[in-house]
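Chemist:
Numbering (this note's numbering), first residue to last: 123 to 258.
1) According to DSSP, is residue 179 helix, strand or coil?
2) For the pair the region 187-206 and the region 234-243, tell me if three or more CB-CB distances fall below 8 Å.
3) Is it the case that the Cβ atoms of residue 255 and residue 222 are separated by a distance below 8 Å?
4) Are the region 164-180 and the region 135-152 touching by the rule of at least three beta carbon pairs closer than 8 Å?
5) Starting from residue 128, follow its DSSP beta bridges and name the residues at the other end.
6) Residue 247: which of 183, 142, 198 sits nearest, CA to CA?
7) Do residue 125 and residue 200 come within 8 Å of each other at the CB atom, strictly closer than that value?
8) Can you tell me which residues form a DSSP beta bridge with residue 240?
9) Run through DSSP, which three-state label would residue 221 get?
10) Buried or exposed: residue 240, going by 16 or more other Cβ atoms within 10 Å of its Cβ?
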């Protein structure tokens, strides 16, 4: 009866090595992120359009912020993820699709079983947000 789409986290993991790549200048690093963003946005929009072609009420989820133990690594990853989450929110807004923002829903360390996976508590919060979408 409804579709809830959560995609992008594995895409982010697959390109996360860019965060450790040497860079001569901030502009070089941003250019690399821009290239990743462009490809991700293209693929995300295409996939979302295919999902919407099914003609069922649909919501999309953002990629939740990682919970790396190292504060510096966490800040870097969260900043990079914001680039991909921007694609998600723009694609959804442009198509009138509701967004379930997992960055806001899973906002405590206890919401995570490890750095990148929700805990039982986090899963419960995500499930509650999905139920809220389904019952509106």
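Note that the Cβ used here is the ideal one computed from N, Cα and C, for glycine as well.
Keep in mind the model is a prediction, meaning the values are calculated, not measured.
Modeler: Answer, in terms of the structure:
1) Note: residue 179 maps to coil in three-state DSSP.
2) yes
3) Their beta carbons are under 8 Å apart, which means residue 255 touches residue 222 by this criterion.
4) They do not touch, by the three-pair rule.
5) 183
6) Cα-wise, what sits closest to residue 247 is 183.
7) no
8) 234
9) strand
10) buried
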